[in-house]
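Q: Chains as they are written, first to last, in my numbering: chain A, 138 to 232; chain B, 872 to 1288.
1) Whose C-beta lies closer than 6 Å to the C-beta of residue 1268 of chain B among residues of the same chain, with five residues either side of it excluded?
2) Taking residue 1114 of chain B as part of the alpha helix (DSSP H), name the residues at either end of that continuous run.
3) Consider the Cβ of residue 205 of chain A: report whether some Cβ of chain B lies at a distance smaller than 8 Å.
4) Output, in sequence order along the chain, the residues in the segment 1183-1201 of chain B whose CB is closer than 7 Å to any CB in chain A.
5) Along chain B, which residues have their Cβ under 8 Å away from the Cβ of residue 139 of chain A?
6) For residue 896 of chain B, collect the residues of the same chain with a Cβ closer than 7 Å to its Cβ; drop the 5 residues on either side in sequence, then sort them by chain order.
7) Residues of the segment 145-156 of chain A in Cβ contact with chain B at a cutoff of 9 Å, in chain order, please.
8) State the DSSP-derived secondary structure class of residue 1025 of chain B, mapped to helix, strand or coil.
9) Report the neighbours of residue 142 of chain A on chain B: residues whose CB is nearer than 9 Å to its CB, in chain order.
10) Put residue 881 of chain B into one of helix, strand or coil per three-state DSSP.
11) Note down, in chain order, every chain A residue with its Cβ under 7 Å from the Cβ of residue 1115 of chain B.
12) In the DSSP output, which residue or residues are listed as bridge partners for residue 1233 of chain B?
13) Report the option in B:1161, B:1087, B:921 whose CA atom is closest to the CA atom of residue 1070 of chain B.
14) DSSP on residue 1173 of chain B, reduced to helix/strand/coil?
15) If we count the other Cβ atoms within 10 Å of its Cβ and call it buried at 16 or more, is residue 1046 of chain B buried or exposed?
16) Provide the residue(s) that pair with residue 1052 of chain B in DSSP beta bridges, ordered along the chain.
17) Could you tell me which residues DSSP puts in a beta bridge with residue 220 of chain A?
18) Could you run through the segment 173-184 of chain A and flag, in chain order, every residue whose CB is less than 9 Å away from some CB of chain B?
19) Helix, strand or coil: how does DSSP classify residue 891 of chain B here?
20) Is it true that the CB of residue 1132 of chain B sits closer than 8 Å to the CB of residue 1192 of chain B?
21) Using only the alpha-carbon positions, how far apart do residue 983 of chain B and residue 1147 of chain B sit?
22) Could you say which of B:944, B:890, B:1214 lies nearest to residue 1059 of chain B if we only look at CA atoms?
23) So that I know if they touch, is there some Cβ in chain A lying closer than 8 Å to that of residue 1287 of chain B?
24) Should residue 973 of chain B be flagged as near chain A, meaning a C-beta pair shorter than 8 Å?
25) Suppose only complete runs of 3+ residues qualify. What are the beta strand (DSSP E) ranges in the segment 1156-1218 of chain B, listed by chain order?
26) Listed from N- to C-terminal order along the chain, which residues in the segment 1252-1272 of chain B have their beta-carbon within a distance smaller than 7 Å of any beta-carbon of chain A?
27) Taking the C-alpha atoms as reference points, what is the distance between residue 1100 of chain B and residue 177 of chain A?
28) Ignoring anything shorter than 4 residues, give me the alpha helix (DSSP H) runs that lie fully in the segment 1228-1281 of chain B, in order along the chain.
29) Looking at the C-beta of residue 1225 of chain B, does it have a partner C-beta in chain A at a distance below 8 Å?
30) Is there contact here, the segment 188-195 of chain A with the segment 1134-1152 of chain B, by at least three beta-carbon pairs under 8 Å?
31) Looking only at its chain, what residues have a beta carbon closer than 8 Å to the beta carbon of residue 1203 of chain B, apart from the 5 residues adjacent to it on each side?
32) Less than 8 Å between the beta carbons of residue 991 of chain B and residue 1028 of chain B, yes or no?
33) Work out the CA separation of residue 1043 of chain B and residue 1025 of chain B for me, nearest whole Å.
34) Within 10 Å of its beta-carbon, does residue 876 of chain B have 16 or more other beta-carbons around it, so buried, or fewer, so exposed?
35) Identify which residue in B:1015, B:1154, B:1040, B:947 has its Cα closest to the Cα of residue 1021 of chain B.
36) With a cut-off of 8 Å, do at least 3 Cβ pairs link the segment 1238-1258 of chain B to the segment 949-962 of chain B?
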């Protein structure tokens, strides 16, 4: 079980959280201007990184807020968690 | 290299302390080039190499495995085989595999211990009942065996099942009598032995680190930890690591890799006659021929390549098992483990060509790839040999996500993901 550091509430056990998929995926500002390939990429294509991965979590049984995390998918070690809207930290700086 | 056995040879070696057995397949050094390469030495990859050699006469084939064959998801699954999927495309795909399972031991001259003991999927809510009955009708329309059982009939089929006085009483079940289990290691070993006998090189401890491309952009081979190996056709059958391999070719695929856990109990005498799955409360269970109860849990919530998951996931599965089968509450669990499953957005596999000429992809089997092993391998070999998909796997393209032709078993499949 992961121990996840919510930027608002601190460290809590994983069952308090819901995983929200890849972080920093922006919805196209004008969806009707996208072609089929671009729209499919937005809907379905996500990074499946083996290594440091930026992802969203929601503290659904706590403050209820979304935040982002950097996690190494080869060890499940969290490198950093940070609030939504903040830029992705450099992995080295966050250690 | 001994490839066939008589009762006399088994007896003689048994009395001689089981010494003198020889390896069942070679351990060759990689050649500089082949006619085709398969990346990934699980059941799907070994089988594809076998069918390339057996059915398509392409014998200069190598299977490249970064660890040992059958050490990934082939050796980590709960060995359940069934074909009662909802949609026409899926029913055709999985039933193609189910038809092949029944003759596989004879085909390979290797006992894969296929046991069609029946797969019973339980309904606990009115919604379950409606969905499963729809499945039964859809399956029958597709010629796939599946039948509806009342709670009492379900209990008669699996006498240790508790149907009342539980949190989610059993309201019925869908039974596929021709489904069951097989010995997963034997599937990998049987295909390896049979492929090797046809001249396929099985190369273990050989990790692919790059995809070589010709000036035209077509595939020219792979770079590995044991050197470059050239081939005009490369089939990627790398399960949870498919994204990693495809990234080397610059092809993004809609996959997410999650840990999926399973566990086995201490061995007990035969008590469990079939396979029981429960979608709603998430448990699936069968008994191996060694006597262990084999129990499957759900996937973890997050992407990972660690081959382990959280204990709360397995605890949840065991709570459901203890509710449905109270007599198992005092059983001890012997071990648990995880595999990395590659899940697509619609929970159907991707089996076909890629934008890179000569590069073929067989992935996205998610939480249920073992059941498809012979069919998947057979169709993948066909696709590689003909440079075109077989009619059965033609709908399972990479492009279906762009074109909106999803085969959406995500909502329809029999297990919660």
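No residue lacks a Cβ here, since even glycine has one placed at the ideal position from N, Cα and C.
A: In short, the structure shows the following:
1) Looking up residue 1268 of chain B in the second chain gives position 397. For residue 1268 of chain B, where only same-chain residues beyond five positions count, the Cβ hits under 6 Å are 1223.
2) In the second chain, counting from the first residue as 1, residue 1114 of chain B sits at position 243. If you look at residue 1114 of chain B, you'll find it in the alpha helix (DSSP H) that goes 1113-1119.
3) The count along the first chain starts at 1 and reaches residue 205 of chain A at position 68. Chain B, which has no Cβ nearer than 8 Å to the Cβ of residue 205 of chain A, makes this no.
4) Residues are counted here when their Cβ sits less than 7 Å from a Cβ of chain A; for the segment 1183-1201 of chain B these are 1183, given in chain order.
5) Stepping through the first chain from its first residue, residue 139 of chain A is reached at position 2. Those within 8 Å of residue 139 of chain A in chain B are 1173, 1181.
6) Here residue 896 of chain B refers to the residue found at position 25 of the second chain. Within the same chain, and ignoring the five residues on either side of residue 896 of chain B in sequence, the residues whose Cβ sits closer than 7 Å to its Cβ are 1063, 1064, 1067, 1073.
7) Residues passing the 9 Å Cβ filter: 150, 151, 152, 154, 155, 156.
8) Translated into positions along the second chain, residue 1025 of chain B becomes position 154. Three-state DSSP puts residue 1025 of chain B in a helix.
9) Reading the first chain from its first residue, position 5 is the one you call residue 142 of chain A. For a Cβ distance threshold of 9 Å, nothing in chain B lies close to residue 142 of chain A: the least Cβ distance comes to about 15 Å.
10) Numbered from 1 along the second chain, position 10 holds the residue referred to as residue 881 of chain B. Residue state, collapsed to three classes: helix.
11) Position 244 of the second chain holds residue 1115 of chain B. Result: 187.
12) On the second chain, residue 1233 of chain B is found 362 positions in, with the first residue counted as 1. Note: residue 1233 of chain B sits in a beta bridge opposite B:1222.
13) Here residue 1070 of chain B refers to the residue found at position 199 when the second chain is read from its first residue. Here the closest residue by C-alpha is B:921.
14) For the purposes of this step, residue 1173 of chain B is identified with residue 302 of the second chain, where counting begins at 1. Collapsing the DSSP output to three states places residue 1173 of chain B in coil.
15) Sequence index remark: in the second chain, residue 1046 of chain B carries index 175 (1-based). Buried: at least 16 other Cβ atoms inside 10 Å.
16) Numbered from 1 along the second chain, position 181 holds the residue referred to as residue 1052 of chain B. Its beta-bridge partners are B:951, B:986.
17) Locating residue 220 of chain A in the first chain gives position 83, where the first residue counts as 1. Note: residue 220 of chain A sits in a beta bridge opposite A:204.
18) Listed in sequence order: 173, 174, 176, 177, 178, 180, 181, 182, 183, 184.
19) Looking up residue 891 of chain B in the second chain gives position 20. Of the three classes helix, strand and coil, the one that applies to residue 891 of chain B here is coil, per DSSP.
20) Along the second chain, read from residue 1 onward, the residue named residue 1192 of chain B stands at position 321. Along the second chain, read from residue 1 onward, the residue named residue 1132 of chain B stands at position 261. When the beta-carbon positions are compared, residue 1192 of chain B and residue 1132 of chain B stay at least 8 Å from each other.
21) By one-based count along the second chain, residue 983 of chain B stands at place 112. By one-based count along the second chain, residue 1147 of chain B stands at place 276. Across the structure, residue 983 of chain B and residue 1147 of chain B are spaced so that their CA atoms are roughly 21 Å apart.
22) For this step, residue 1059 of chain B is matched to residue 188 along the second chain. With distances taken between CA atoms, residue 1059 of chain B lies nearest to B:944 out of B:944, B:890, B:1214.
23) For the purposes of this step, residue 1287 of chain B is taken as residue 416 along the second chain, with counting starting at 1. In this prediction, residue 1287 of chain B scores a pLDDT of 46, lower than 50, which makes its location untrustworthy; the coordinate-derived value is nonetheless stated afterwards. Output row for residue 1287 of chain B: interface = no.
24) As a first step, residue 973 of chain B is located in the second chain; it is residue number 102 there, counting from the start. Closer than 8 Å: no.
25) Within the segment 1156-1218 of chain B, the complete beta strand (DSSP E) runs of at least 3 residues are 1164-1170, 1204-1214.
26) Residues of the segment 1252-1272 of chain B with a C-beta less than 7 Å from any C-beta of chain A: 1272, listed in chain order.
27) In the second chain, the residue the question calls residue 1100 of chain B occupies position 229. In the first chain, the residue the question calls residue 177 of chain A occupies position 40. Distance between the alpha carbons of residue 1100 of chain B and residue 177 of chain A is about 34 Å.
28) Segments of the alpha helix (DSSP H) lying fully in the segment 1228-1281 of chain B: 1244-1257, 1271-1274.
29) Reading the second chain from its first residue, position 354 is the one you call residue 1225 of chain B. Under the Cβ criterion of 8 Å, residue 1225 of chain B is not counted among the residues facing chain A.
30) Touching, no, given that fewer than three Cβ pairs across the two stretches are closer than 8 Å.
31) Here residue 1203 of chain B is taken as the residue at index 332 of the second chain, counted from 1. For residue 1203 of chain B, same chain residues with a beta-carbon under 8 Å away, outside a window of 5 residues either side, are 1136, 1137 in chain order.
32) As a working note, residue 991 of chain B is residue 120 in the second chain. As a working note, residue 1028 of chain B is residue 157 in the second chain. Contact: yes.
33) Working through the second chain from its first residue, we reach residue 1025 of chain B at position 154. Working through the second chain from its first residue, we reach residue 1043 of chain B at position 172. Between the alpha carbons of residue 1025 of chain B and residue 1043 of chain B lies a distance of about 7 Å.
34) In the second chain, counting from the first residue as 1, residue 876 of chain B sits at position 5. Under the 10 Å beta carbon count, residue 876 of chain B is surrounded by fewer than 16 other beta carbons and is classified as exposed.
35) Within the second chain, residue 1021 of chain B is the residue found at index 150, counting from 1. Of the listed residues, the one whose Cα sits closest to residue 1021 of chain B is B:1040.
36) Below 8 Å, enough C-beta pairs join the segment 1238-1258 of chain B and the segment 949-962 of chain B to call them touching: three or more.
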